[in-house]
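*Asks:* Numbering-wise, the sequence shown is residues 3 to 205 according to our numbering.
Glycine included, C-beta positions come from ideal geometry on N, C-alpha and C.
Computed from a predicted model, the values in this text were never measured in an experiment.
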Amino acid sequence: MRSVRDIAAEIVAREGGFVDDPNDPGGATKHGVTIHTMRRLGLDLDGDGDVDRDDVRRITPERATDIFIEHYFKRPRIGDLPPVLRASVFDMYVNSGSNAVRILQALLRRMGHDIAVDGIIGPHTLRAAHAAADVAPDHLADAYGIARRTYYYRLADRRPASRKYARRRDGGKGGWITRAEAFIATRYHLSPAEHRERTASWD
Numbered sequence: 003m004r005s006v007r008d009i010a011a012e013i014v015a016r017e018g019g020f021v022d023d024p025n026d027p028g029g030a031t032k033h034g035v036t037i038h039t040m041r042r043l044g045l046d047l048d049g050d051g052d053v054d055r056d057d058v059r060r061i062t063p064e065r066a067t068d069i070f071i072e073h074y075f076k077r078p079r080i081g082d083l084p085p086v087l088r089a090s091v092f093d094m095y096v097n098s099g100s101n102a103v104r105i106l107q108a109l110l111r112r113m114g115h116d117i118a119v120d121g122i123i124g125p126h127t128l129r130a131a132h133a134a135a136d137v138a139p140d141h142l143a144d145a146y147g148i149a150r151r152t153y154y155y156r157l158a159d160r161r162p163a164s165r166k167y168a169r170r171r172d173g174g175k176g177g178w179i180t181r182a183e184a185f186i187a188t189r190y191h192l193s194p195a196e197h198r199e200r201t202a203s204w205d
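(1) Pull up the distance between the alpha-carbon of residue 26 and that of residue 36, whole angstroms please.
(2) Given residue 93, which residues of its chain have a CB within under 6 Å of its CB, disregarding the five upstream and five downstream residues?
(3) Residue 36 by DSSP, collapsed to three states: which one?
(4) Determine the DSSP secondary structure at residue 188, reduced to helix, strand or coil.
(5) How would you call residue 188, buried or exposed, if buried means at least 16 neighbouring beta carbons within 10 angstroms?
(6) If you draw a straight line from the C-alpha of residue 106 to the C-alpha of residue 146, how long is it?
(7) Given a cut-off of 9 Å on the beta-carbon distance, is the pair residue 101 and residue 81 in contact?
(8) Tell me the rounded alpha-carbon separation between residue 84 and residue 127.
(9) Return yes when the Cβ of residue 55 is within less than 9 Å of the Cβ of residue 22, no when it is not.
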């Protein structure tokens, strides 16, 4: 089984280098660490008394990995989830914050578990997740990945500026979709034609 550090390092690699996209609500970002996260953590890396883009540029892959492990894995209690869910929920938590947990909770509710959809991993969510994993771990992992993919498509439906993250300029799958499908069995991946049909209304 991969260690949490291995998973975090993979997330850092997927996130890439410095980006300051005006259409990204996260603002200036490097290795997946946003300027908002750095301000919340008080990471004034250049020591000039504020946290700005210059500090974001100073983030190293190693520091980003440490931040993700502490603030996006340990503190939200993702490590207490069933092993089959950890990598995908961790990856999405870095990408979308507590929405990663809300998607899981909504999925568990559809499976018949009476839990709140509040974005917090507490005892009820953990019991439901482990119960679902005990019955059908592969099904749970695929169902979560599919729910995650659906979340990204719906987000792009509502926010035209974000569609470039779900669909490439040539019409193929964008980073959000390929990222979600990385955690889904191949047989549940959308075909190029299915993806184009799903995004046809964006034209």
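*Replies:* Let me lay it out:
(1) 10 Å
(2) 13
(3) strand
(4) helix
(5) exposed
(6) 6 Å
(7) Their beta carbons are not under 9 Å apart, which means residue 101 does not touch residue 81 by this criterion.
(8) 11 Å
(9) yes
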